[in-house]
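Asks: Just so you know, the protein sequences line up as chains C and L, in that order. Using this note's numbering, you'd call the opening residue of the first sequence number 79 and step up by one each time. Using this note's numbering, you'd call the opening residue of the second sequence number 829 and step up by one each time. Just so you know, even glycine gets a beta-carbon here, dropped at the ideal spot from N, CA and C. Sending over a structure as structure tokens; questions will come in a sec.
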Amino acid sequence: AQKVTQAQTEISVVEKEDVTLDCVYETRDTTYYLFWYKQPPSGELVFLIRRNSFDEQNEISGRYSWNFQKSTSSFNFTITASQVVDSAVYFCALSEATGRRALTFGSGTRLQVQP
Amino acid sequence: DAGITQSPRHKVTETGTPVTLRCHQTENHRYMYWYRQDPGHGLRLIHYSYGVKDTDKGEVSDGYSVSRSKTEDFLLTLESATSSQTSVYFCAISEGGISLNEKLFFGSGTQLSVL
Numbered sequence: 079a080q081k082v083t084q085a086q087t088e089i090s091v092v093e094k095e096d097v098t099l100d101c102v103y104e105t106r107d108t109t110y111y112l113f114w115y116k117q118p119p120s121g122e123l124v125f126l127i128r129r130n131s132f133d134e135q136n137e138i139s140g141r142y143s144w145n146f147q148k149s150t151s152s153f154n155f156t157i158t159a160s161q162v163v164d165s166a167v168y169f170c171a172l173s174e175a176t177g178r179r180a181l182t183f184g185s186g187t188r189l190q191v192q193p
Numbered sequence: 829d830a831g832i833t834q835s836p837r838h839k840v841t842e843t844g845t846p847v848t849l850r851c852h853q854t855e856n857h858r859y860m861y862w863y864r865q866d867p868g869h870g871l872r873l874i875h876y877s878y879g880v881k882d883t884d885k886g887e888v889s890d891g892y893s894v895s896r897s898k899t900e901d902f903l904l905t906l907e908s909a910t911s912s913q914t915s916v917y918f919c920a921i922s923e924g925g926i927s928l929n930e931k932l933f934f935g936s937g938t939q940l941s942v943l
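Put into structure tokens, the structure is as follows:
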């Protein structure tokens, strides 16, 4: 069975601070896919990134960066110079490569960025 | 944005009554999913569909049934609603399944309260 653990339930930072959201996953599959989604206070789920298990390159997109490490089964998300608009719940998710191809989500991390 | 419409957006019902939630897509995507979101649990898969009349169970399927008679519509039915089914329900779609470099697009959610 697959499992995603986001141990940080809630994080509070002050604007312009850097913050890292942790994600640890478990799977027996050799091929799998990892995702991050953002859920702002309005409630919709916004796709941020997809990473394939065979591609361990880290990725940077503006103030966002992702560190994928298969050796520790982690896929951490860093926001540099956080802004109030980054306040949201962030979900890490894992998908199998075959079968139902659905996402297994972590419980989410609520990020509050104070002005 | 992906063309996904969930209806109703909000519903209050009484214990023991049947409830049907509708997910409608205009993308002609093959895969459709129903998730529920609860505090501390993230999103959990209820049922999914991989084609017309092809459905299967997720992790939390007890008390729910689904139907897909057309590509564009995926219905979730609570046969006899219970208070434990109070939740936010999200529909998601995917063109070919995650393994084909896809991501899930989510609807706006349905807030269901069972009193």
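Along chain L, in chain order, which residues have C-beta atoms closer than 8 Å to that of Glu122 (chain C)?
Replies: The sequence position of residue 122 (chain C) within the first sequence is 44, counting from 1. Those are Phe934, Ser936 and Gly937, listed as they occur along chain L.
Asks: With the cut-off set at 7 Å, would you say Phe146 (chain C) and Phe153 (chain C) are in Cβ contact?
Replies: The residue you call residue 146 (chain C) lines up with position 68 of the first sequence. The residue you call residue 153 (chain C) lines up with position 75 of the first sequence. The answer is yes: Cβ separation under 7 Å.
Asks: If you measure beta-carbon to beta-carbon, which residues of the stretch 176 to 187 of chain C are closer than 8 Å to chain L?
Replies: The residues in question are Thr176, Arg178, Arg179, Ala180, Leu181, Thr182, Phe183, Gly184, Ser185 and Gly186.
Asks: For a cutoff of 7 Å on Cβ pairs, would you count Leu849 (chain L) as touching chain C?
Replies: Position 21 of the second sequence, counted from the first residue, corresponds to residue 849 (chain L). No, Leu849 (chain L) does not count as interfacial toward chain C.
Asks: Give the DSSP bridge partners of Glu104 (chain C), in chain order.
Replies: Your numbering for residue 104 (chain C) matches position 26 in the first sequence. According to DSSP, Glu104 (chain C) bridges with C:Lys81.
Asks: Output the distance between the C-alpha atoms of Arg850 (chain L) and Lys116 (chain C), rounded to the nearest integer angstrom.
Replies: Taking the second sequence and counting its residues from 1, the one referred to as residue 850 (chain L) is at position 22. Taking the first sequence and counting its residues from 1, the one referred to as residue 116 (chain C) is at position 38. If I take the Cα positions, the gap works out to 24 Å.
Asks: Can the beta-carbon of Ser922 (chain L) be found closer than 7 Å to that of Leu932 (chain L)?
Replies: Within the second sequence, the letter at position 94 stands for residue 922 (chain L). Within the second sequence, the letter at position 104 stands for residue 932 (chain L). Yes, these two residues count as a Cβ contact at 7 Å.
Asks: Rounded C-beta distance between Leu189 (chain C) and Val97 (chain C)? I'm assuming under 8 Å.
Replies: Reading the first sequence from its first residue, position 111 is the one you call residue 189 (chain C). Reading the first sequence from its first residue, position 19 is the one you call residue 97 (chain C). Confirmed, Cβ separation roughly 7 Å.
Asks: Since I believe Val847 (chain L) is in contact with Leu943 (chain L) (beta carbons under 8 Å), could you give me their beta-carbon distance rounded to a whole number of angstroms?
Replies: On the second sequence, residue 943 (chain L) is found 115 positions in, with the first residue counted as 1. On the second sequence, residue 847 (chain L) is found 19 positions in, with the first residue counted as 1. With a Cβ gap of about 12 Å, Leu943 (chain L) and Val847 (chain L) do not count as contacting.
Asks: Using the Cβ count rule (16 or more neighbours within 10 Å means buried), how would you classify Gln192 (chain C)?
Replies: Start at 1 with the first residue of the first sequence, and residue 192 (chain C) comes out as number 114. Exposed is the call here.
Asks: Is the CB-CB distance between Gly891 (chain L) and Leu873 (chain L) below 7 Å?
Replies: Numbered from 1 along the second sequence, position 63 holds the residue referred to as residue 891 (chain L). Numbered from 1 along the second sequence, position 45 holds the residue referred to as residue 873 (chain L). Their beta carbons are not under 7 Å apart, which means Gly891 (chain L) does not touch Leu873 (chain L) by this criterion.
Asks: Does Ala171 (chain C) pass the burial test, meaning 16 or more other C-beta atoms within 10 Å, or should it be called exposed?
Replies: Within the first sequence, numbered from 1, the residue matching residue 171 (chain C) stands at position 93. Its Cβ being crowded by 16 or more others within 10 Å, Ala171 (chain C) is buried.
Asks: Using a Cβ-Cβ distance cut-off of 7 Å, determine whether Phe169 (chain C) contacts chain L.
Replies: Here the question's residue 169 (chain C) lines up with position 91 in the first sequence. Chain L, which has a Cβ nearer than 7 Å to the Cβ of Phe169 (chain C), makes this yes.
Asks: Taking a contact to mean a Cβ-Cβ separation below 7 Å, would you say Ser936 (chain L) touches Gln834 (chain L) in this structure?
Replies: Taking the second sequence and counting its residues from 1, one reaches residue 936 (chain L) at position 108. Taking the second sequence and counting its residues from 1, one reaches residue 834 (chain L) at position 6. Their beta carbons are under 7 Å apart, which means Ser936 (chain L) touches Gln834 (chain L) by this criterion.
Asks: Let me check one thing: in DSSP terms, what residues is His852 (chain L) bridge-paired to?
Replies: In the second sequence, counting from the first residue as 1, residue 852 (chain L) sits at position 24. DSSP, once it has assigned bridges, lists L:Thr833 and L:Asp901 as partnering His852 (chain L).
Asks: Does any C-beta atom of chain C lie closer than 7 Å to the C-beta of Leu873 (chain L)?
Replies: In the second sequence, residue 873 (chain L) corresponds to position 45, counting from 1. Taking Cβ atoms only, chain C reaches closer than 7 Å to Leu873 (chain L), which makes this a yes.
Asks: Give every residue of the same chain whose Cβ lies closer than 7 Å to the Cβ of Ser893 (chain L), excluding the five residues on either side of it in the sequence, and list them in chain order.
Replies: What you label residue 893 (chain L) is simply residue 65 of the second sequence in a count that begins at 1. Excluding sequence neighbours, Ser893 (chain L) sits near Thr905 and Glu907.
Asks: Does the pairing of the stretch 81 to 88 of chain C with the stretch 178 to 189 of chain C give three or more beta-carbon distances under 8 Å?
Replies: In short, these stretches touch, since the Cβ pair count reaches three.
Asks: Under 7 Å Cβ to Cβ from Glu104 (chain C), same chain only, skipping five residues before and after it: list those, please.
Replies: Your numbering for residue 104 (chain C) matches position 26 in the first sequence. Cβ neighbours of Glu104 (chain C) beyond the five flanking positions: Gln80, Lys81 and Ser151.
Asks: State the CB to CB distance for the pair Tyr861 (chain L) and Ala920 (chain L), rounded to an integer number of angstroms; the pair is presumed to be in contact (CB under 8 Å).
Replies: By 1-based counting over the second sequence, the position of residue 861 (chain L) is 33. By 1-based counting over the second sequence, the position of residue 920 (chain L) is 92. So it is a contact: roughly 4 Å between Cβ atoms.
Asks: What does Ala171 (chain C) pair with, by DSSP beta-bridge criteria?
Replies: Position 93 of the first sequence holds residue 171 (chain C). BP columns for Ala171 (chain C) point to C:Phe113 and C:Phe183.
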